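J.: Just dropping this structure here.
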Amino acid sequence: MVALFPTVRSDPELYPYRSGLLFGFFNALVWQIAIGTPMVLFAERLGASSLQVGLAYSFVFLLTPLQVLATALLPRYGFKRLTMRGWAARSLFLVCPLGLALLAPEVGRPWMVNVLIGSVFFFCFFRTIGAAALTTWFFGFLPASIRGRYFGSDQMISGIAGVGTLVASALLFSWLPLYPALLIQYGIAFVGSGLSYAALGRLPDIARPERIGLRSVLRDAPRLVIAPSRFRQYLWLSAWYAVTVTSIPPFAAYYLKVGAGLEPGRIMLFEVLRYLGVIAGAGVMRRRIDGTGTKPFFLLALLLYAGVGVLWWLFLRGLLGGGGLLFALYFLLGLGSVCWHIANMNYLPKLVPAADRALHVTVYGAITACLGGCAPILWGLFLKATDAAGQPDIDAGVFGWFFVQVVLSVSVLSCFIARLPEDSKVSAEPLVIGNALLRPFRAVTYLVNLVDPRHPDRPVAPAAKPRQD
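Quick note on numbering: my numbering labels position 285 of the sequence shown as 378, and the sequence is numbered without any gaps.
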């Protein structure tokens, strides 16, 4: 029998870092619930409007620029201490949803919705601080000879935990009333958060970086955004993509609950299909991206999103229906998201000068995540509606137009992506972001770090002048 976690016998080189893999496993139990579809369904049950759902879902993206400031704390606190403080503080804000689930109100009240949204905000706030050090810390203590094997194992273990959490959530929603099911799920998240914190505590620390000058960052970052370069071109195309697709998961779940009246357990099964699409797409791409390059997978991702938009529009118009269609829609959504994510992690390093990698990647992550996070808030405002009883609802007509703009947007974007230059002779080490493969919508938030993971003792250097086209 193959052990899920390395042992002294199965992998003696990886065994000393077993706690890192345990962290990835337990952490996956947390984010799937605290900032995933169960949170959306909880907010809807308490009476949240589409605007409030979009706001709660956006916090993890909107707070990403905070990681730039949090990185400046590394010379004072170090990698391990900063990460653990962030993870400890975020755990405290899982208590609020537990309390709300215990109250089990038949009709939610505005203050309950506000408490849930506030808890999500502070959960994401402290998660953002911890995430500023996480990736570089892991790179720093892992020997170069086992990094690939470690992160591969991390992806597999986190994937098992993530999909297992979704299946368990679906079963709980099917077997129990909503509030007891949510109480158990948030209990799992709270315990998982505590166990992930304990696992972090058993990992070795690394040397603190030298002083990080935020003044030079504030001076050099605008130049990367404004001055003509291949990096700037790709940055704004990626931001366009993020603005277009980030809103799909939360509002799809919200519509299926309030508009189509589906049971939460069934919605969670659709989420399982989305993550199975991610896993399937990753398995295919790993074997082919080196030979074909990144551009075909960028275009495939946009084609898949166009297909998702068309099928959703037909579903909303009543021209297509059935559970089989929704299973296919979610699978294609996962497939499209991972195609873009892996292609991005391979293409972006080719545009980034080796000496200025940390600043370029930080600017890219902060801008694309933050702008992508604005989209659910704006669409939540447009989608906001009430039913005949005065309860929050979603405007199905506007939701149909939402998918029309998705199709039009990715169609035009594909024309620009097709013209991106890619030299097959240029090779660069792909970016690695721990277990972020299973969460491609949020993976970009882990890019924000002013310390190069390859050289954790070196803070960001002044940016070189962008290359002119």
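C-beta atoms are modelled at their ideal positions from N, C-alpha and C, and glycine is treated no differently.
Every value quoted in this text rests on a predicted model; they were computed, and no experiment measured them.
By DSSP's criteria, ILE487 is part of a beta bridge. Which residues make up the other side?
T.: On the sequence shown, residue 487 is found 394 positions in, with the first residue counted as 1. Looking at the DSSP assignment, ILE487 forms a beta bridge with LYS477.
J.: Do ALA459 and VAL101 count as a contact pair if the criterion is CB distance below 8 Å?
T.: The sequence position of residue 101 within the sequence shown is 8, counting from 1. The sequence position of residue 459 within the sequence shown is 366, counting from 1. Not a contact, by the Cβ cut-off of 8 Å.
J.: Just to confirm the assignment: which complete beta strand (DSSP E) runs, minimum length 3, are found wholly within the region 122 to 210?
T.: Entirely contained in the region 122 to 210, not one beta strand (DSSP E) run reaches 3 residues.
J.: Exposed or buried, what is TRP204 when buried is set at 16 or more other beta-carbons lying within 10 Å of its beta-carbon?
T.: For this step, residue 204 is matched to residue 111 along the sequence shown. Exposed is the call here.
J.: I'd like to know whether the C-beta atoms of VAL431 and PRO343 end up nearer to each other than 8 Å.
T.: For the purposes of this step, residue 431 is taken as the residue at position 338 of the sequence shown. For the purposes of this step, residue 343 is taken as the residue at position 250 of the sequence shown. Going by C-beta atoms, VAL431 is not nearer than 8 Å to PRO343.
J.: Nearest by alpha-carbon distance to LEU227: which of VAL200, PHE172 and ALA274 is it?
T.: Residue numbering aside, residue 227 sits at position 134 when the sequence shown is read from its first letter. Per the Cα distances, PHE172.
J.: Find the nearest neighbour of SER238 within the set LEU452, ARG325, GLU106 and CYS508, judged by alpha-carbon distance.
T.: Locating residue 238 in the sequence shown gives position 145, counting from the first residue. The shortest Cα separation from SER238 among LEU452, ARG325, GLU106 and CYS508 belongs to GLU106.
J.: Taking the straight line between their C-alpha atoms, what separation do you get for PRO442 and ARG450?
T.: Counting from one through the sequence shown, the residue named residue 442 turns up at place 349. Counting from one through the sequence shown, the residue named residue 450 turns up at place 357. Taking the straight line from one Cα to the other gives about 8 Å.
J.: How would you call THR479, buried or exposed, if buried means at least 16 neighbouring beta carbons within 10 angstroms?
T.: For this step, residue 479 is matched to residue 386 along the sequence shown. So THR479 ends up on the exposed side.
J.: Below 8 Å on the Cβ atoms is my guess for LEU452 versus ALA314; work out the distance and round it to an integer in Å.
T.: What you label residue 452 is simply residue 359 of the sequence shown in a count that begins at 1. What you label residue 314 is simply residue 221 of the sequence shown in a count that begins at 1. Confirmed, Cβ separation roughly 7 Å.
J.: If you draw a straight line from the C-alpha of PHE218 to the C-alpha of ARG183, how long is it?
T.: In the sequence shown, residue 218 corresponds to position 125, counting from 1. In the sequence shown, residue 183 corresponds to position 90, counting from 1. The alpha-carbon atoms of PHE218 and ARG183 are separated by roughly 8 Å.
J.: Would you mind listing the alpha helix (DSSP H) stretches within the region 212 to 285 that are 4+ residues and don't spill past its ends, in chain order?
T.: Qualifying alpha helix (DSSP H) stretches, in chain order: 240 to 268.
J.: Could you tell me how far apart the beta carbons of TYR272 and ALA149 are, in whole angstroms, since I believe they sit closer than 8 Å?
T.: Against the sequence shown, residue 272 aligns to sequence position 179. Against the sequence shown, residue 149 aligns to sequence position 56. The pair is not a contact, with the Cβ atoms about 18 Å apart (cut-off 8 Å).
J.: Which residues does DSSP pair with VAL401 in a beta bridge?
T.: Residue 401 sits at position 308 when you count from the first residue of the sequence shown. VAL401 is not bridged to any residue.
J.: In whole angstroms, give me the CA-to-CA distance for ALA489 and ILE210.
T.: Translated into the one-based positions of the sequence shown, residue 489 becomes position 396. Translated into the one-based positions of the sequence shown, residue 210 becomes position 117. Answer to the nearest angstrom: the Cα atoms are 24 Å apart.
J.: Does the count of Cβ pairs from the region 367 to 378 and the region 497 to 507 closer than 8 Å reach three?
T.: In short, these stretches do not touch, since the Cβ pair count stays below three.
J.: Going by the CB atoms, is the gap between LEU409 and ARG354 shorter than 8 Å?
T.: By 1-based counting over the sequence shown, the position of residue 354 is 261. By 1-based counting over the sequence shown, the position of residue 409 is 316. A small correction: the amino acid at residue 354 is Gly; Arg does not occupy that position in the sequence shown. The answer is no: Cβ separation not under 8 Å.
J.: If distances are taken between C-alpha atoms only, which option among PHE390, PRO109 and ASN120 comes closest to TYR290?
T.: Taking the sequence shown and counting its residues from 1, one reaches residue 290 at position 197. For TYR290, the nearest C-alpha among the options comes from ASN120.
J.: Output the distance between the C-alpha atoms of PRO99 and LEU235, rounded to the nearest integer angstrom.
T.: Mapped onto the sequence shown, residue 99 falls at position 6. Mapped onto the sequence shown, residue 235 falls at position 142. C-alpha separation (whole angstroms): 15 Å.
J.: Inspect the beta-carbon positions of GLY113 and GLY179 and report whether they are closer than 8 Å.
T.: For the purposes of this step, residue 113 is taken as the residue at position 20 of the sequence shown. For the purposes of this step, residue 179 is taken as the residue at position 86 of the sequence shown. In this structure, GLY179 does not lie closer than 8 Å to GLY113 by Cβ.
J.: Taking a contact to mean a Cβ-Cβ separation below 8 Å, would you say GLN145 touches ALA136 in this structure?
T.: Looking up residue 145 in the sequence shown gives position 52. Looking up residue 136 in the sequence shown gives position 43. Yes, the pair counts as a contact, with Cβ atoms nearer than the cut-off.
J.: So what's ALA353 in DSSP terms, helix, strand or just coil?
T.: Within the sequence shown, residue 353 is the residue found at index 260, counting from 1. Coil.
J.: For the alpha helix (DSSP H) containing ILE319, name the first residue and the last one.
T.: Sequence index remark: in the sequence shown, residue 319 carries index 226 (1-based). Counting along the chain, the alpha helix (DSSP H) containing ILE319 begins and ends at 307 to 319.
J.: With a threshold of 7 Å on Cβ separation, who are the neighbours of MET177 within its own chain once the five nearest residues in sequence on each side are excluded?
T.: For the purposes of this step, residue 177 is identified with residue 84 of the sequence shown, where counting begins at 1. Here the set comprises TYR290, LEU293 and GLY294.
J.: According to the Cβ coordinates, are THR339 and ASN542 closer than 8 Å?
T.: The count along the sequence shown starts at 1 and reaches residue 339 at position 246. The count along the sequence shown starts at 1 and reaches residue 542 at position 449. Not closer than 8 Å, so no.
J.: Quick check on the DSSP output: what are the complete alpha helix (DSSP H) runs of length 4 or more inside the region 374 to 460, in order along the chain?
T.: Runs of the alpha helix (DSSP H) inside the region 374 to 460: 388 to 409 and 416 to 444.
J.: Measure from the alpha carbon of ARG240 to the alpha carbon of each residue in GLY252, TYR108, GLY285 and VAL401, then state which is nearest.
T.: The residue you call residue 240 lines up with position 147 of the sequence shown. Comparing Cα positions, the closest option is TYR108.
J.: For SER289, name the three-state secondary structure that DSSP assigns.
T.: Here residue 289 corresponds to residue number 196 of the sequence shown, with the count starting at 1. The answer is helix: DSSP assigns SER289 an H, G or I state.
J.: Give the straight-line distance between the Cα atoms of TYR170 and VAL310, rounded to the nearest whole angstrom.
T.: Position 77 of the sequence shown holds residue 170. Position 217 of the sequence shown holds residue 310. Computed Cα separation, rounded: 20 Å.
J.: Would PHE509 be called buried (16 or more neighbouring beta carbons within 10 Å of its own) or exposed?
T.: Looking up residue 509 in the sequence shown gives position 416. Looking at its Cβ environment, which holds fewer than 16 other Cβ atoms inside 10 Å, PHE509 is exposed.
J.: Assign LEU395 to buried or exposed, taking buried as 16 or more other Cβ atoms, counted over all protein chains shown, within 10 Å of its Cβ.
T.: Locating residue 395 in the sequence shown gives position 302, counting from the first residue. It is buried - the Cβ of LEU395 has at least 16 other Cβ atoms within 10 Å.
J.: For TRP268, is the classification buried or exposed, using 16 other Cβ atoms within 10 angstroms of its Cβ as the cut-off for buried?
T.: As a working mapping, residue 268 is identified with position 175 in the sequence shown. Classification for TRP268: exposed.
J.: In angstroms, rounded to a whole number, what distance separates the CA positions of PHE391 and ALA254?
T.: In the sequence shown, residue 391 corresponds to position 298, counting from 1. In the sequence shown, residue 254 corresponds to position 161, counting from 1. In a straight line, the C-alpha of PHE391 is about 28 Å away from that of ALA254.
J.: Roughly how many angstroms lie between the CA atoms of ALA563 and ARG308, to the nearest whole one?
T.: In the structure displayed, the chain extends from 94 to 562; residue 563 sits before or after that span and is not available.
J.: What would DSSP say about ALA482, mapped onto helix, strand or coil?
T.: Along the sequence shown, one-based indexing puts residue 482 at 389. DSSP places ALA482 in coil when its eight states are reduced to three.
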